[in-house]
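These notes are about the structure you will find just below.
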Ligand SMILES: Cc1ncc(COP(=O)(O)O)c(C=O)c1O
């Protein structure tokens, strides 16, 4: 198993940062790449033609490797909302159709599908999962599967729930979508990079990820997978660089109407960003060398004493099969004194986010037992015992 990778980051040693779901800390390798890129910018002539394309190519290759597909299916985007806008611009549905999203999904997802439904005159239905449901991860997934029918045009969902880490059976859901001809659009922002995924096996039509969390990239970068059936779609902008032959700078005004191959037409304008791409490349290379499966295994081991503590304190939590190991919510019911919790967190310099009624815990390879022990102390102090 991997050991703690703290030495690859420059996190403040006096804080317990359990919040990669908010933003990843900067890798030292990404910091070095950014410094080099900034210094190169002093002399713009050092940025040469191939620099517009080479890092982008490596990034598309590395991301393709991570999600188990081909480089040509990948586009570089600035945000989840941008990637979703590109996808939904190309989805159409007939009269009487409806689309599904998941209750309390991230606003960039909900707002995109809501707008799309209103322009398509389609009904938007929201899937929710009754609380206190017994059993394993099939249950929420089964609710999703049982809700889909031949009048469903699109299912948009996050690969795990962004507030609670609830885990879904993407493969079973993807199979059902394929069987019924439903577009399966997945937000992988809180999943990809930390958990293994195979987009083709899961029959995903589009996978959209912001890169500043589990992909260890800088803010304002993201990556998207477009299934070949979307490759003839229309992008949301008409950039010169997304055209065939754009490498030939001398001929740019021979306006080429043909888009770049595969998902290349969905790359954002100025995707070559000379500062951000070297940072994103460092993040992806690092993740592919760690491997998401090893990140899950590390987080699983690290989280064990925390779950023992939750059990001892009588705090409810999702069963092992229903939650991701890198991200999960601790539900904050009336048995937790919130004032004490917040004060103790500040005292311990413990950094986590509150999302809905949950204290959201995000673990990564830069975390260690000390971080978990700090969280345990905070929970023990704030639990009101009967
Ligand atoms: C599930 C999920 N999707 C997307 C985002 C970010 O969205 P955007 O890139 O549109 O800002 C977040 C941020 O927390 C998220 O948790």
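In this note's numbering, the protein residues as written are 29 to 414.
Idealized CB from N, CA, C, for every residue including glycine.
- Residue 48 and residue 390 have their C-alpha atoms spaced approximately 6 Å apart.
- When C-alpha distances from residue 66 are compared across 301, 268, 148, 272, the shortest belongs to 301.
- Bounds of the beta strand (DSSP E) holding residue 186 are 180-186.
- At least one heavy atom of ligand 1 lies closer than 7 Å to the C-beta of residue 108.
- Residue pairing for residue 195: DSSP places it in a beta bridge opposite 188.
- Its chain contains 176, 177, 178, 180 as the residues whose beta carbon lies nearer than 8 Å to that of residue 208, once the 5 sequence neighbours on both sides are disregarded; these appear in chain order.
- Per DSSP, the continuous alpha helix (DSSP H) segment holding residue 335 begins and ends at 320-341.
- Looking at 210, 107, 387, 195, the one whose alpha-carbon comes closest to that of residue 184 is 210.
- By the neighbour-count criterion, in which a residue is buried when 16 or more other Cβ atoms sit within 10 angstroms of its Cβ, residue 277 is exposed.
- Excluding five sequence positions before and after residue 83, the CB atoms of its chain that fall closer than 7 Å to its own CB belong to 305, 306, 309, given in chain order.
- In the three-state scheme derived from DSSP, where H, G and I count as helix and E and B as strand, residue 151 is classed as strand.
- Distance from the Cα of residue 138 is smallest, within the candidate group 149, 121, 124, 108, for 108.
- Taken through DSSP and simplified to helix, strand or coil, residue 250 comes out as strand.
- When secondary structure is reduced to three states using DSSP, residue 223 falls in the strand class.
- Distance check between residue 220 and each of 366, 358, 96, 29 places 96 closest, using alpha-carbon atoms only.
- In this chain, residue 88 is not harboured by any beta strand (DSSP E); it is covered by the alpha helix (DSSP H) spanning 82-95.
- Assignment of beta-bridge partners to residue 129 by DSSP yields 154.
- Checking the DSSP bridge columns, you'll see residue 103 partnered with 252.
- Residue 35 and residue 336 have their C-alpha atoms some 28 Å from each other.
- Using a 10 angstroms sphere on the CB of residue 323, the tally of other CB atoms reaches 16 or more, which defines it as buried.
- In this structure, DSSP gives residue 347 a state outside helix and strand, which the three-state scheme calls coil.
- Here the alpha carbon of residue 289 sits roughly 9 Å from the alpha carbon of residue 270.
- Residue 311 places its beta carbon 8 Å or farther from that of residue 46.
- With fewer than 16 other Cβ atoms inside 10 Å of its own Cβ, residue 377 counts as exposed.
- For residue 212, the uninterrupted beta strand (DSSP E) segment begins and ends at 211-215.
- Proximity of the stretch 56-63 to the stretch 380-396 falls short of the contact definition, fewer than three beta-carbon pairs being nearer than 8 Å.
- Proximity of the beta carbon of residue 212 to ligand 1 is not indicated: no heavy atom of the ligand is located closer than 7 Å.
- About 16 Å separates the beta carbon of residue 249 from that of residue 53, a gap too long to meet the 8 Å contact definition.
- Under the three-state reduction of DSSP output, residue 169 falls in the helix class.
- The straight-line gap separating the alpha-carbon atoms of residue 238 and residue 407 is approximately 31 Å.
- For residue 388, the uninterrupted beta strand (DSSP E) segment begins and ends at 386-390.
- Bridge partners of residue 237 according to DSSP: 251.
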